[in-house]
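To start, the structure itself, in structure tokens.
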Amino acid sequence: MNLAVRDIRHSLGRFTLTTIGVGMLLMVVMGMGGIYRGLVDDALVVTRGVGADLWVVQRDTRGPFAEVSRLPRSLVDRVATVPGVRDSREFVFHTIQREHRDKPLRMGVLGLGWPIDKGQRLLLVAGRPLAQNHFEMIADESLGLGLGEKLRLGKDTYTVVGITRWLVTSGGDGIACFTSRDAQAIQFDEPGESVRLERQARRDRAGEIDFGRTQPSVLERASGRSGNIAALPGPAISAVIARLAPGTDANEVQMLMGGWSDVTTYTQTQQEELLLKGSVDRARRQILLFRVLLTVISAVIMALIISTLTLDKLHPIALLKLIGAPNRTIVGLILQQSLIMGVLAFGVGYIIGLRLFPMFPRRVLVTNDDLIRVAGIVVVISVFASLLGIWKAMRVAPNEAIG
Amino acid sequence: MDGPLALETSGLTKVYGSGHTEVVAMRDATMRVRRGEVVALLGPSGAGKSTFLLCVGLINPPTRGRVSIGGRLMQDGSRSLGDLRRFRRENIGFVFQKSNLIPFLNAVDNVQVVGELIGRPASQARRRAMELLDALGVGPRARNMPTQLSGGEQQRVTIARALANQPSLILADEPTAALDGVRGRQVMELFRNVAHEHGTGVIVVTHDHRALDVFDTVYEMEDGSLKPASRA
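Structure representation (structure tokens):
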């Protein structure tokens with residue numbers, strides 16, 4: 002006869018409510034782990050999604066995800082000539098915030114290296130990759146944009162042709178993918194008045210020098226599009242990403258480019274490490290500390306609950322001792338109840354979490370490894386929680402059943 | 004009365020406290036109970052009856068003296084608590100003033116648990132528990148929780164539990180105190196039947212002088228001293 006089960010059945014209502022309470026606490030522990038995993042996964046999804054073997058960034062910067070990196074577009078061709086590089090393309094990434102449907106719309110803008118990269122690597126849940134060089138976008142579903150929806154950004158209007166899932170920045174904002182040209186146009190968009198003032202300023206400066214005064218075409222060029230002035234650089238890109246030919250050692254190519262004094266090169270692994278140790282690290286440590294704290298709180302609460310349940314049973318325990326029940330029977334009664342509560346609470350936490358986590362504004366990624374780890378923690382907590390109750394039970398004398 | 008001894012005590016003494024706070028609760032208590040014998044233990048409150056039962060029941064060790072149960076010397080200071088507890092669950096049954104049933108077990112489980120504690124398989128322990136409940140007239144109430152039983156029914160279940168390990172000795176501390184006269188007498192007669200049928204020695208602490216004819220022997224305890232009493 003299992004005394005623990007009989008006792009639970011006897012006070013089923015109270016046990017159930019207590020278990021649900023502990024379960025919700027464990028759900029938060031699981032959730033914290035899930036938020037941490039989600040944070041890491043979100044941070045890595047872009048770097049892994051673009052399929053780069055090498056990241057070439059502005060000299061002495063940590064790449065486009067850690068800080069501003071500006072490179073000339075011509076670097077794409079220079080990287081492509083390095084032995085071992087299969088292809089190279091532009092990488093443009095920045096964050097913008099606009100008003101959409103009277104609500105703030107914050108998004109990461111990712112420039113795809115058209116025509117090599119049309120977004121075919123992305124996990125599309127609806128629609129298609131980009132099919133033209135301009136005015137199309139692929140949006141993450143967290144942005145709330147529908148397929149075919151049009152969005153005006155700067156001076157152009159973009160049509161949503163594809164929808165992705167879980168493509169977000171390390172800050173949790175949904176990402177929209179454009180061709181790198183469009184991404185730059187969005188990044189460097191200036192109001193018409195600002196453009197006019199800049200052109201006027203250029204014309205005034207050209208008029209102040211002899212060359213400008215003697216060459217009318219210089220004045221004409223100065224007041225025209227900046228792209229037509231050879232002396233002005235084109236819009237900068239954030240990084241150049243390179244794919245290597247099969248069998249090529251990334252470290253060798255990295256060493257080769259290490260001689261270039263204007264750029265720094267990172268392998269994919271280094272870029273991921275930079276991301277995790279940089280922008281994500283503090284949030285990661287904060288969540289980890291919260292998780293440890295919650296685990297300790299869960300253990301203390303469970304210990305108090307089991308201890309209270311044991312206090313309610315001191316008379317039956319004294320009675321069991323009186324009729325000669327060995328200590329292992331009494332220890333088993335308390336320990337089994339604690340374990341049953343822990344296991345059921347784990348199940349309750351898991352089931353509630355399964356329904357609740359998808360409603361969270363950021364991704365909560367609960368992996369099987371994490372679940373096994375939490376299950377192990379629950380077993381340890383249950384054993385630890387029962388110790389206080391066992392200690393109290395062991396101090397009960399059999400003659401207390403008689404009084 | 005002839006037959007093997009269920010209990011033998013000699014020079015049993017219990018002293019609480021020390022020095023000027025010393026209280027002698029029981030002094031040189033000597034008693035012999037044979038198997039199948041029903042013994043009444045009379046005496047006013049505070050006379051030392053419960054102390055005697057606790058010492059004989061291997062719950063409270065005496066300060067001096069010896070206790071032998073079923074011919075085995077148990078209480079001489081040489082046994083560990085674990086030994087005493089094991090012996091208790093295999094050889095002694097307890098019945099108290101309050102029914103003292105385990106509240107989260109139903110009637111049959113309360114009896115069955117003792118059988119399982121002495122190592123019987125669950126099915127055998129349950130069969131034996133049902134037999135005892137039927138024999139004591141509470142079989143139809145076997146699946147009721149203690150709170151669903153009347154005082155008399157609870158006491159019968161407690162007696163069934165005391166018999167579940169086929170003890171050589173049953174100790175009952177005022178088992179009829181919560182019952183009316185008729186039911187009290189029924190319980191006392193039950194003890195006699197149990198003692199005679201199962202060959203169990205039974206010691207019943209009681210204040211109820213109306214049912215003394217049920218007992219084979221009557222002892223009286225006063226100021227910690229035990230002596231045989233007349234039935235007058």
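Protein sequences appear in the order of chains V and G.
Here the first sequence is numbered in our numbering, starting from 2 and rising by one per residue.
Here the second sequence is numbered in our numbering, starting from 4 and rising by one per residue.
Ideal Cβ positions, reconstructed from N, Cα and C, are used throughout, including at glycine.
- Scanning the stretch 13-88 of chain V from its first residue to its last, the whole alpha helix (DSSP H) runs of 4-plus residues come out as 13-50, 76-81.
- At a cut-off of 7 angstroms, the C-beta of V:P399 has a neighbouring C-beta in chain G.
- For a Cβ distance threshold of 9 angstroms, nothing in chain G lies close to V:M395: the least Cβ distance comes to about 11 angstroms.
- The three-state secondary structure of V:I403, taken from DSSP, is coil.
- Following the DSSP letters along the chain, one finds V:G163 in no alpha helix (DSSP H) but inside the beta strand (DSSP E) bounded by residues 157-165.
- Annotation: Cβ neighbours of V:T330 in chain G (cutoff 8 angstroms, chain order): L120.
- The residues A125, A128, in chain order, have a CB closer than 7 angstroms to that of G:E119 in the same chain once the five nearest residues on each side in sequence are set aside.
- Taking V:R63 as the centre and dropping the five residues before and after it, the same chain places the C-beta of L275, G279 closer than 7 angstroms to its C-beta, in chain order.
- For the pair V:P130 and V:G114, the CB atoms are not nearer than the 7 angstroms cut-off.
- Not flagged as an interface residue toward chain G: V:L336, since no C-beta distance is shorter than 7 angstroms.
- For V:G109, the enclosing beta strand (DSSP E) starts and ends at 104-113.
- V:Y351 is bridged by DSSP to nothing; it lacks a bridge partner.
- In chain order, I403 make up the part of chain V whose C-beta sits under 7 angstroms from the C-beta of G:F99.
- Ranked by how close their Cα comes to the Cα of G:F218, the residues G:Y19, G:E25, G:H23, G:V36 have G:V36 in first place.
- Residue V:E150 holds the alpha-carbon nearest to the alpha-carbon of V:I164 among V:G173, V:E150, V:T170.
- Its chain contains P399 as the residues whose beta carbon lies nearer than 6 angstroms to that of V:K322, once the 5 sequence neighbours on both sides are disregarded; these appear in chain order.
- Relative to the Cα of V:V93, the nearest Cα in the group V:V86, V:A246, V:E100, V:S70 belongs to V:S70.
- Residues of the stretch 77-92 of chain G with a Cβ closer than 7 angstroms to any Cβ of chain V, in chain order: R88, R89, R91, R92.
- With a threshold of 16 other beta carbon atoms within 10 Å, G:L166 meets it and is buried.
- Setting aside the 5 residues that flank it on each side, G:R67 is surrounded in the same chain by G14, T16, each with a C-beta closer than 7 angstroms to its C-beta; the list follows chain order.
- Secondary structure of G:S71 (DSSP, three-state): strand.
- Contact annotation: G:T33 and G:T12 have beta-carbon atoms nearer than 7 angstroms.
- Close partners of V:D8 in chain G (Cβ separation under 7 angstroms): F107.
- Setting aside the 5 residues that flank it on each side, G:L174 is surrounded in the same chain by L56, G60, F97, I206, each with a C-beta closer than 6 angstroms to its C-beta; the list follows chain order.
- According to DSSP, G:S228 shares a beta bridge with G:R30, G:E225.
- About 6 angstroms separates the CB atoms of G:L136 and G:A110; that is less than 8 angstroms, so the two are in contact.
- Remark: three or more beta-carbon pairs, one from each stretch, lie closer than 8 angstroms, so the stretch 36-49 of chain G and the stretch 200-215 of chain G are flagged as touching.
- Look at the stretch 184-210 of chain G and you find these whole runs of beta strand (DSSP E), each 3 residues long or longer: 204-208.
- Chain V places no beta carbon closer than 7 angstroms to that of G:L15, leaving this residue out of the contacts.
- One thing to note: G:F99 has its Cβ within 7 angstroms of the Cβ of G:D176.
- In terms of Cβ geometry, V:L124 and V:R166 form a close pair [threshold 7 angstroms].
- Inter-residue distance for V:Y267 and V:I353 is about 42 angstroms (C-alpha atoms, whole angstroms).
- Annotated as distal: V:V254 and V:L76, with beta-carbon spacing of 7 angstroms or more.
- Below the 7 angstroms Cβ cutoff, chain V contributes M2 as neighbours of G:V116, in chain order.
- The bridge partners DSSP lists for G:G96 are G:I173.
- The contact set of G:N103 on chain V, defined by CB atoms closer than 9 angstroms, consists of H316, L320, L323, A402, I403 in chain order.
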